[in-house]
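Just below is one structure, and these are the notes that go with it.
Numbering (our numbering), first residue to last: 9 to 174.
What follows is the structure in structure tokens.
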């Protein structure tokens, strides 16, 4: 049993936590209206974009791609947040099913990206006063989460040892 516990501990320390590489580009210009778009960081485990909008209705479009399947955290933020009356965020595979979120302020959600597919990140039907917006997409390294399960696994090994002893 002691050897099994040492093996499990060694396994946890031997796993490297590498996040997938993401690529962010400007989306279809037909879906950009009354807003500027800038790609601040196009490639990496975190990609960033930003822009400014005018008064009234606006929309903006971005495309996201990865070569590795990975979970991501996607965050939209607005400054000042009070200038955004409402908007719809669209996320999904280009040419496939799209998930829409109706928002009235800063918004964050998680998703799992499939390798080799291009995803759309659009904001449309947005209304309000002039504001700055930013988009952040961060890959979450899955092996890093294994360390969260180490205490649970060691606890199960301890319960098993107690059950065998009883």
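Glycine residues also receive a C-beta, built at the ideal position from the N, C-alpha and C atoms.
Same chain, Cβ closer than 8 Å to residue i, neighbours up to 5 away in sequence not counted
| i | result |
| --- | --- |
| residue 67 | 39, 40, 41, 42, 43, 130, 131, 132, 133 and 134 |
6 Å Cβ shell around residue i - same chain, five flanking residues per side excluded
| i | result |
| --- | --- |
| residue 63 | 137 and 138 |
| residue 141 | 59 and 86 |
| residue 163 | none |
| residue 73 | 31 and 126 |
| residue 120 | 79 |
Pick from the options that is closest to residue i, judged by C-alpha positions
| i | options | result |
| --- | --- | --- |
| residue 84 | 33, 57 and 65 | 57 |
| residue 98 | 11, 165, 143 and 55 | 143 |
| residue 103 | 123, 31 and 128 | 128 |
| residue 117 | 37, 100 and 36 | 100 |
| residue 34 | 55, 71, 51 and 11 | 71 |
| residue 65 | 93, 45 and 55 | 93 |
| residue 112 | 96, 166, 48 and 29 | 96 |
| residue 29 | 36, 47 and 51 | 51 |
| residue 145 | 166, 115, 159 and 124 | 115 |
| residue 81 | 90, 105, 106 and 55 | 55 |
| residue 89 | 159, 61 and 76 | 61 |
| residue 77 | 159, 122, 36 and 109 | 122 |
Residue i in three-state terms, based on DSSP
| i | result |
| --- | --- |
| residue 160 | helix |
| residue 104 | coil |
| residue 63 | coil |
| residue 42 | coil |
| residue 49 | strand |
Beta strand (DSSP E) segment containing residue i, residue limits
| i | result |
| --- | --- |
| residue 148 | No beta strand (DSSP E) holds residue 148; DSSP gives it neither H nor E. |
| residue 87 | 78–87 |
| residue 34 | 30–34 |
| residue 116 | 115–121 |
| residue 129 | 126–136 |
Cβ shell of residue i (< 7 Å), same chain only, five flanking positions each side left out
| i | result |
| --- | --- |
| residue 45 | 34, 57, 59 and 68 |
| residue 91 | 136, 137, 138 and 139 |
| residue 48 | 56, 57 and 58 |
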